[in-house]
Each structure stands twice: as C-alpha cells, then as structure tokens.
Amino acid sequence: MGWLDRVEDQVDALTHARALQEASRSAESYALLERVIRTTTNPAARADAMVQRLSALINLGRTAEFTRAIEEASAAVRDLAEPYLHGHLNALAALAAHHQGALDRCVTHLVKAARALGAVEDPDRDTAWGWHDLAMAYSYLSFHGYALGAIERARQLGLTAGIPEETFAAPGIRLRNAVALDHNGDSDGCLRVLRDVAADLARFVHSGRADRLRPSSLAAYGYAAARQAALGDRVEPSVDIDPSHLLQNGGDSARARDMRHLGQVCLAVAAGRPIEAVARLDTIRVSTETLGTAEPARLRSIALARAGDHVAAHRADRLAFRLAAQRNDRLRDVYIDGIAARIDHEEMRREAARFEGEALTDPLTGLPNRRRLERYITAVVTRGERVVIGVCDLDGFKAVNTRHGHHSGDLVLQRIAGVINRVMRRGDFVARYGGDEFVVVLPDTGMTEAGEVARRIETAVRAEDWESLVPGTPVGVSIGFAEVSGGGGLRDALSVAFEEADREMLRAKSRPRAS
C-alpha cells in the first residue's frame, strides 16, 4: 500500500496536482493545491498538499515564499509517522535552501531526506519522486555522484511502480555534471557526458518514446545539444532532435526559462555569431543556481574566443574558474563549520562524513589532494590489497609558466588532470600531489598492467592540442611506477614505494622521446 492509498480525502485532486507538475504546469498545480489546503480537514491530505505546494513554488522560482511554505509543511508533517513525507519534504527543503544560498541548511536537509526515504517500508511511485527530488538537490549542490545514485534509485522504484524509464532519464542532472567539468577545465570530459546525453535522447526518439519525456527533460536535452554545439561538436538537428525546438519546452519552469536564454547564446556561438552571443549575455538575467554561477562567464569566454578576442576570452575563463572554485570553498566551509557535528544520529553522522571528501580536493584541478591521497593509500594497504603507485611529472611545464605566465600554467594543469582522469580504469585513483606532479594509485594491479596504464596516459597527453592553448611550448609527461611491498611497517613501505616510483619517473624523463 502506497502513501496516497492511506490518504482519505481529495485523493483525485492531489493526484491531478502531481500530474500537472510532471507536465511543467506548476502554476495550475499550485492553485489546485491551495484549494485542497483551504477545504480539507484531513491531516494527511493537508500535509501532502503542503509538500506538493512547496515543490510547485520551487519549480516556479518564487524564492520569497519558500521559508513560509517550508514552515507550514513542516508543521503539517511533524506528527505524521510517514517516512516518505518526511523524506520528500526534506529533499524539497534542501532544494529551497540551496536556491536561498543557505548551504548549511541544504546539506542538513539532504542527509535527513536520504535517511527518511531509505526507511520507507513500502516504496511506491511517490517515494520514487521523493528520490528524484533528492537527486535534483544533490545535483544543484554539485554532489554529482550522490545525484546519480539517487536518480538510479528513483528509476528502479519508478519501473516497479509502472513509471516509464524515460520519466527519470534525468538529463538535467547529467547536464550539470557536464558543465561543472567544463568550468573546472575539462572540456573533453564535458563533451563526453553531453554526447552520452544526446545518445539517450536519440534512443528515446528512435524507439518512439520521445513524446513521453517530461517537458523539463526536453528543455535539458535542448540545452545539452546547444552546449555541445557551442564547444565545437557537430550536432545534426532533425525534426525530433532540434535544440531550438527542444529549448521551447519546460512550461512555466524557472529553470527551463534560464536554459532557454543560455541556450540561445550557445546556438549563436555555434552558428558563427559570437558577437550576438556576447550581446545576449549582456541583456539576459538567469539564476546562478540553474547551471552554476560560472556558466555565463564560461559561455562568454567561448564566444570571445570564437570572435578572436583571446585576451578577453582568457579573462572570462579565469573568472569562470574562480566562480567554480569559490563554490567548492563554500562547500568546504559548510562542512568545517560543523554540519556533521550538528547531526547527532549515528547513521546520519556517517552519511554527513561522506561529504568531507568535498573538502579534500585540490581547488585548481578538482582532483583529490595530497591529504586525501595519503588516506586512500593507507586504507588500501591496510586491507592487504596489492597496489601500485605511479608518479606523473609534466615535461615542459616550466617553459609554459616562463613564456605564457602562471594563468596559462593553471589551464595546462587543469587540462592534464582531465586527460589523466579520462584514461584511468574503473577503480583507479588520481590525485594532484603538488606543483606539476600527479599521483595515480592502481589497486589490485601488477607492474605489467601499470606499464599499459602509463602508455595510455602518455598517448593521451601527446594527443592533446597544446599548440592552441600554449603556442610554442609542447607539454609531455614522464611516469614512474613502483609496487608497495607488504613487508615492514606501513609508513616505511609507502616511503620506499614513492622513492622508487620517483626514481623511475626521473629515468623516464631522461630517456630520449620519439618525435
């Protein structure tokens, strides 16, 4: 028995309000829910209507009304022993807190939502939507791994409840993941994700299921295609896969409206009209939360580069990166200020501790930093697993800084981080150790396999177009691997392995390179 089966009043109206929101008709849904709230005397119906009303307000972008709606919904839900309602309310409250810029409250609500939704004994289609909204909140906060896990949970529950697969395709979640990669210097990674999103849309179109996609999903597919084209990928529009047409969907969603505005900027760049794109950016206003604070600056950089103004393009690109880095800093501060300490339930503390990983990253490249690397290696070796450590040092990096300056050096480091990350195997670990040195950790691996990984990294680095990024200063990489010995103390074993890997890297650096 699902949640609505236990609601005894105005079930048809509540069900219809859900359908309206799924169809991106949130204003109509809001009006219907207000009538239910005014007329019902049933506590369960009133609580459900208030939770749904908060969802409608978020979709409409009516930020000023979030606080009151959360307070009223919390009061209505408080005395109902229904995990679904508590979970869905906290997921929506996390979204609202994020839009209000209250990251500490946002993370707290995320943890509570996951705990409550995980406790639902008889999950149904409503629980699936709760996991969907939790996934959206994770995504907006840039916890992309958690977002993908939550949306997969929603998809599985939805299939069991008869909800079509395409309903929870979640292109918006993967779109935010893609642009975040681009904001941090990994344009190739961004394109890879965008191509996967396009392939999903093509699959739905070819199987005749495109008409069942939600309007908000269609808008996200449109922006993904427009963004892909702006980055230089050729996108072949058709009747069903036309970015301009797809961007018109989304109904009264504030997020869809933002993507429509930014999508037109992307399409102007793709069509060879970069000056028009810059002019559009000067006139539109979009929420910084829809695709991240860095997205307008990054689009400006792409347009200016396409127009030939590389100095201004570089300046805009640096701004985009700073905005993205500031967001990571804010997330770190939220954790350090005591989010975990304020959540007193043991299971919730364990969940919150996972967010600590966001504070153990290198702010320039987004990779794990030295502290996190040391924790990871210690954990793997302590478990008795076989592990190989690789030290990667850039060739030609000093010349980049000397000839082009440290800003260009930063761009090279970001690009290298993306290249190495892209070619690693599932389960491998990559970190920035410091300066122009990166470390890779290969669990359950021998030296023969490590040699193959080294060849993949070297080939990928050689294939990058360094000439367009830092003209006249080619960039390469030297790599040395060593296996961690199980003998002796852990600290000594790690120290010996690092020294041996470093010696092998220096030998590789001294060997003549093929031209």
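In full-length UniProt numbering, the protein residues as written are 1 to 515. Virtual Cβ for every residue (Gly too), placed ideally from N, Cα, C. Remember, predicted model here, so these are calculated numbers, not experimental data.
For residue i: DSSP bridge partner residues
| i | result |
| --- | --- |
| residue 518 | What the structure shows of the chain is the stretch from 1 to 515, and residue 518 is not part of that stretch, so it cannot be assessed. |
| residue 432 | 438 |
| residue 368 | 361 |
| residue 394 | 477 |
Segment limits, beta strand (DSSP E) that includes residue i
| i | result |
| --- | --- |
| residue 479 | 476-483 |
| residue 66 | Where residue 66 is concerned, there is no enclosing beta strand (DSSP E), although the alpha helix (DSSP H) it sits in stretches over 66-77. |
Supposed contact pair residue j and residue i - C-beta distance, whole angstroms, cut 8 Å
| i | j | result |
| --- | --- | --- |
| residue 68 | residue 44 | With a Cβ gap of about 21 Å, residue 68 and residue 44 do not count as contacting. |
| residue 432 | residue 417 | 7 Å |
| residue 198 | residue 228 | 7 Å |
| residue 128 | residue 158 | 4 Å |
| residue 313 | residue 297 | About 11 Å separates the two Cβ atoms, so there is no contact after all. |
| residue 428 | residue 413 | Not really, about 19 Å apart at Cβ, beyond 8 Å. |
| residue 323 | residue 293 | 5 Å |
| residue 476 | residue 462 | 7 Å |
| residue 86 | residue 116 | 4 Å |
| residue 303 | residue 277 | 4 Å |
| residue 183 | residue 270 | Between residue 270 and residue 183 the Cβ distance is about 19 Å, and since that is not below 8 Å, they are no contact. |
| residue 494 | residue 380 | Going by Cβ atoms, the distance from residue 494 to residue 380 rounds to 10 Å, so no, they are not a contact pair. |
| residue 168 | residue 132 | 6 Å |
| residue 27 | residue 60 | 6 Å |
| residue 224 | residue 241 | Not really, about 11 Å apart at Cβ, beyond 8 Å. |
Exposed unless 16 or more other CB atoms sit within 10 angstroms - verdict on residue i
| i | result |
| --- | --- |
| residue 339 | Bear in mind that a pLDDT of 48 at residue 339, under 50, signals an unreliable position, so the model cannot answer this. |
| residue 470 | buried |
| residue 119 | exposed |
| residue 112 | buried |
| residue 518 | With the chain covering only 1 through 515, there is no way to say anything about residue 518. |
| residue 499 | exposed |
| residue 311 | exposed |
| residue 361 | buried |
| residue 8 | exposed |
| residue 20 | buried |
| residue 444 | exposed |
| residue 402 | exposed |
| residue 186 | buried |
| residue 375 | exposed |
| residue 508 | buried |
| residue 39 | exposed |
| residue 259 | buried |
| residue 275 | exposed |
| residue 289 | buried |
| residue 207 | exposed |
| residue 383 | exposed |
Proximity test, residue i beta-carbon vs the ligand HEM heavy atom, cut-off 7 Å
| i | result |
| --- | --- |
| residue 21 | As for the ligand HEM, it is missing from this structure, which has no ligand bound. |
Close-in-space but distant-in-sequence residues of the same chain around residue i (CB under 6 Å, 5 per side omitted)
| i | result |
| --- | --- |
| residue 216 | 24, 250, 253 and 256 |
| residue 17 | 29, 32, 33 and 52 |
| residue 246 | 218, 221 and 222 |
| residue 42 | 8 and 9 |
Contacting residues, own chain, Cβ-Cβ under 7 Å from residue i (five flanking each side not counted)
| i | result |
| --- | --- |
| residue 146 | 138 |
| residue 496 | 485 |
| residue 279 | none |
| residue 504 | 480, 481 and 482 |
| residue 105 | 97 |
| residue 212 | 164 and 166 |
| residue 65 | 57 |
Alpha helix (DSSP H) segment containing residue i, residue limits
| i | result |
| --- | --- |
| residue 397 | 397-404 |
| residue 102 | Taken as a continuous stretch (DSSP letters only), residue 102 belongs to no alpha helix (DSSP H), as it is neither H nor E. |
| residue 234 | Here residue 234 belongs to no alpha helix (DSSP H), and DSSP marks it neither H nor E. |
| residue 424 | No alpha helix (DSSP H) holds residue 424; DSSP gives it neither H nor E. |
| residue 268 | 254-270 |
| residue 518 | The structure shown does not extend to residue 518, since the chain is modelled only from 1 through 515, so no value can be given for it. |
| residue 21 | 11-22 |
| residue 52 | 43-60 |
| residue 156 | 144-160 |
| residue 461 | 447-463 |
| residue 278 | 274-283 |
| residue 222 | 215-230 |
| residue 184 | That residue, residue 184, is in no alpha helix (DSSP H); it is neither H nor E in DSSP. |
| residue 34 | 26-39 |
| residue 302 | 295-307 |
| residue 471 | From DSSP, residue 471 is part of no alpha helix (DSSP H); its letter is neither H nor E. |
| residue 135 | 125-140 |
| residue 244 | 243-246 |
Beta-carbon contacts of residue i that lie in its chain and below 8 Å, excluding the five residues immediately before and after
| i | result |
| --- | --- |
| residue 15 | 4 |
| residue 144 | 138, 173, 176, 177 and 180 |
| residue 72 | 50 |
| residue 373 | 429, 431, 433, 439 and 441 |
| residue 460 | 419, 420, 422 and 423 |
| residue 171 | 197, 200, 201, 217, 220, 221 and 224 |
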